[in-house]
Structures are given as C-alpha cells and as structure tokens.
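Sequential numbering from 1 applies to the sequence shown in the numbering used here. Virtual Cβ for every residue (Gly too), placed ideally from N, Cα, C.
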Amino acid sequence: MNAHSTSHSAQSFDWLIVNGRIIDGTGNPAFFADVGIMGDKIAAIGQLFHAQAKNRVDAMGKFVAPGFIDMHTHFDTALFAHPEAYCAVSQGVTTVVVGNCGHSPVPIPDNRRDELRRLLPVIEAGIDWRWRKFADYLANLEATEPAVNVVALVGHCALRASVVGFENRPATEEELKAMQKLLEDCMDDGAWGLSSGLIYPPSAFANFDELVALTEVVAKRGGIYSTHMRSESDALVAAVTEALQTGLKSGVKLQISHHKAALKPNWGKVAVTLNMIEQVALQHDVTFDAYPYTAGSSYLAQLLPLWALEGGASALLERLKDPHKRQQIKEALESNKNFDWNDVLVASVASEEYQPLQGKTISEVAKMLGLPPSETVLHLIEHEQNAVNMVWFVMDEKDVEQVLTHPLCMVGSDALTIPPIPNSPEPKPYVHPRTYGTFPKILRWLVRERDKLTWHEAIAKMTGKTAFKLGLKMRGLIREGYFADLVIFDPDKVTDQATYENPHSPAKGIDWVFVNGKPALVEGKPTNARSGQVLKFESD
C-alpha cells in the first residue's frame, strides 16, 4: 500500500488533520498531506480538506508525526499509580517499553517478592505487587487502562531471583533450565524479550554462558534482548564486547541500553565502542538507545561495591550494622577518586522526614547531617531501607551528541517513575528532567539548534526505527491502516522546559497527541483519555 493517497473526499472521518506536513517515520523528508482517522486507525492520507469529519484539526505550520516510542522506561509499576502517564504524553510519547535493566515485577514467587522490591527501588511505586505470572501482570496492567501503549520485557533480576535467589554464584544446569522454561512461559504470556541489568544484583551474578542460554530462548522466538551492560565506565570496552558476543553467539536481536561513557577518565571511549558496534552491525542486528542528558539516575546503592549487595537488600542492611564491614564499604567508596559528591543528587527518598533532602547534592546533605560524604551515603541507604534514588552527573556532552546522532541510535528516556500531573496536590518526588524532556530536548537541541539531525532523521529514531526493532505491527509509521498513534508539534516552538532545578515542567510546542485514535493531548492540554493498549508479543 502506498504511504499516501490522493483523494478521499467522499469519506467521513472521526478526526481529520489538515494543512500539516507529514513526517511519516520512515526517514524520508516531510510532505504536505492530510490525515483522516476512523476509530483507532489511520483511514486515509492525502488531499482530504473537503472530506467530512466529526472533528477537524488545523495543523498549519506544524509537523504531523507518528507517536514517539520510548525504548527505555521503568514505568512497570508506576503505571498503576499514574496510568494517565502525563510526563510521557506531554512530550509526544504514545508507546513505552518497560521491564528494562533487568528490572521487572514478575516473575517472582511470594517468598522472594519483598526482597526483590527492596533491592530494586527504581521500579517501586508503593503499590501492591500481587502478580506471580507475567500474564497476571499484563492483565492487571490492562485493567488500569493506561494512557499509552505498553511493551513489556522480562527482567533478568526477577528471573534469576525466582530460581537462584540472591546468591553470587553461577546457576546450576537445573537452575538454568528452570530459568529458560520460566522465560518461555513469560514470552508465551506476551513478553517481548529479556533485559539484563549486569550491574544490579542478582542479574550481575550471571556469567556469559547464562546470558547466552537465556537469550537463545528469546532468539528462537524472534524477541529482543536489551542490556544494561556490566560496565559503562572503566570496563566499558570489555562490557560492549560481552554484549556483542552474547548477541552473535545466541543470534538474539541486541539492544544496548542508554549507551554512554561514564566518569571523566572514560570520556571519548564512545568513539571506540561505536566503531565496535558498527562492525558487528554489518552481520548482526545490534542497535542502542540514549537520552540527551549528561546525568544518569539510579538507586544510590549502585555506588557501593558489588560484594556489598550480595544476598539482597536485607543482607546489605545487615552489613551496614557490622562496624567492620561498614568500614570496608566506606573505604571502597572513598577509594574511588572519580567520585565528586557535588555531582550526585539525592533524587527520591521513602521517608517523609528526609523529603527536604531531595534535589540536594551529597555534599550539601553531608553538611546538613554533619557527616563525611561516604558516611552520608551509607546513612541514607540505611535510614531509607535502600529506597533512595540518585541523579549522577557522569557524562560528557560531546559523547552524548555523538551517540544520539549515530544512525544505529534510538531514543529511550530511562525515566524511573511517573510523577503526578503538575497541578496535583499529591506530593511530587524529585525526578530527572528526562522524565518530561527527553524527546523535545532532542528536537530542540540536535535538530533546531545544533543542526546535527534533520527533522525526518530525528523522528525516525523516535518512531519507525524503534517499532521495526521491537517488531511492533502497524505502528511507528504514518500509513493507511496503521494505528492512529500521532503527535502534532510546532517545529519553531517545540522545546523541553524541565531542568534539574525544576524537573516537573512539561514541554512546549507539543500540541496534539493521539493514542489509538483518541486525543490524549489537545492544544497542549491533557484530556485524561486512557486509550493505550498493553501490546502482547506474538512469536515469529
């Protein structure tokens, strides 16, 4: 079928978008055409100005693009607390991928669920994790009627915790088979593949053979493997090598998550790693994603040596009670001369008492508490029972630009949670500005200001390329018969407003967002429509 047709004047539509320039997501330049929507589908593309429609949108001077697909979020449980997903919708996102970095709330047996929750505060949204199977999770997610479409991966942390537990040891042959079977069951239930978090226990305790064995299961079904690699700093090159070898040996479609070179001594290494990826991409399906910021965000305990996290959060908290082990952990923190405590912000805490610390640096908190910075980190982890997240400035802007403009790069916000809508009386946690600003920042910074990407190149990274990588059917492009996931934005005005000082500011210039044919954003204002779908994987 052609991407656009010429005349459908006799047709009648639910919505008709006229006078806009279409960027269809293929990477081809924009063209003038109108778009007619019937139900949840794009019914026609062409010269439709005189067609009948129940509702009409004048997109004069604006681009009409496929809805943006966020390749990397941690909204697994946050969607239950805030299904309106305003932080995503307000920047043009219509589909989110969850279950990243090895973090997912299923599969996990009842007797290990609490430990997993404490170990992975990144996806803890204060709701009841009542699911045992992936099918249960997806069914409950559907019942919340999310505002965006959801693609869910199986987190390796949950998979390994279910079978091996939280011990630092290789899986036995029997345990490996059990994990493979569990992964097969999850994919039968609709999971799109596997993610690993190789700096996060218990995923970090897996060896290469385990990763290959599990990704072979995913490869046979045509799914995707997304990896938070074993290092993004000093051992970056070795970590990329491991990821590439995993993909080559198992045959799985490989996605390297939030590719970066962290900490100043490693800045510039992306030139090496991008070349490595390019060479493998000549013979294998490998891509990566990134976000347009020089700070990352994760839980504070990520700063600790891996051995301190063995056995889970309970074991960590017990070690902190032991003066000798506490001193060892503190010395490990102090021995890393790459840490600048002015570069680490306290992002979110669990207790009301420490809410005022959110958004302050570890150096500032240390002065407030009268403690050395290293002891401050341990105190916060202990006081908050490990439920404390951070924002950490570790990247070079030149590296970020080089990664994002690479042809193999897609866009993933790595947003950790969904805050309440800005005018809500509900308390708002400190969040990374990427939560509200990732997609419009790329359009402002790399397209309009820096001229490093064309509009159609940037949109393809956010839509068509991502849909193709995931294997989404009838999404990611503006074509007749495709689902009507659309965004209308002003190229002269689109911009991020969220900053580290004021992270809850929604983007400007994103005017309309349609999710499955229903408007979720109208003239920049949320409609509170919740027309997203939980998309389920179907094996090749």
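Between the stretch 399–412 and the stretch 503–518, the count of Cβ pairs shorter than 8 Å is below three; the stretches do not touch. Of the candidates A178, K469, Y430 and T273, the residue whose Cα lies closest to the Cα of K360 is Y430. In the structure shown, W129 falls within a coil segment according to DSSP collapsed to helix, strand and coil. Burial is judged here by how many other beta carbons sit within 10 angstroms of a residue's own beta carbon; K473 has fewer than 16 and is exposed. As DSSP reads the structure, G481 sits in no beta bridge.
Annotation for R112: the continuous alpha helix (DSSP H) segment containing it runs D110 to L119.
If only complete runs of 4 or more residues are kept, the stretch 51–91 shows the alpha helix (DSSP H) at 78–81 and 86–89, in order along the chain. By the Cβ neighbour-count rule, H82 is buried, with 16 or more other Cβ atoms within 10 Å of its own.
Within the DSSP bridge table, the entry for V513 names V487 and L521 as partners.
Cβ contact annotation for T454 (same chain, cutoff 8 Å, sequence separation greater than five): P29 and V447, in chain order.
Segment contact: the stretch 62–76 against the stretch 93–107, three or more CB-CB distances shorter than 8 Å; contact assigned.
Here DSSP, grouped into helix, strand and coil, assigns R230 to coil. When the Cα atoms are used, S298 and L116 turn out to be separated by approximately 16 Å.
When the Cα atoms are used, L369 and V89 turn out to be separated by approximately 39 Å. Between the beta-carbon of L119 and that of A313 there is about 5 Å, and that keeps the pair under the 8 Å contact cut. In terms of CA proximity to A308, R326 leads the group G296, M60, P292 and R326. Our two residues, P427 and C87, have alpha carbons roughly 15 Å apart in a direct line. In its own chain, leaving out the 5 sequence neighbours on each side, no residue places its CB closer than 6 Å to the CB of I199. The Cβ atoms of N149 and L263 lie no closer than 9 Å to each other. Only buried fits S413, as 16 or more other CB atoms lie within 10 angstroms of its CB. Distance between A238 and G197, taken at the CA atoms: about 16 Å. The residues G99, G102, H103, S104 and S195, in chain order, have a CB closer than 6 Å to that of G155 in the same chain once the five nearest residues on each side in sequence are set aside. Scanning its chain for C-beta atoms nearer than 8 Å, with the 5 sequence neighbours on each side dropped, one finds around K62 the residues G20, R21, I488, F489, D490, P491 and D511, in chain order. For the options D24, E216 and Q52, the alpha carbon positioned closest to that of F13 is the one of Q52. Looking at the DSSP output, V154 shares a beta bridge with L194. Shown here for Y137: same chain residues with a beta carbon closer than 7 Å to its own, the five before and five after excluded, namely P105, V106 and W131 in chain order. Boundaries for Q302: no beta strand (DSSP E) harbours it, and the DSSP string shows neither H nor E there. Residues H383 and E384 of the same chain have their beta carbon placed closer than 8 Å to that of S351, with the five preceding and five following residues left out of the count. Under the DSSP assignment, M390 falls in the beta strand (DSSP E) whose first and last residues are N389 to F393.
In the DSSP assignment, I224 forms a beta bridge with G193 and K253. As a beta-bridge residue in DSSP terms, G36 pairs with L16 and A44.
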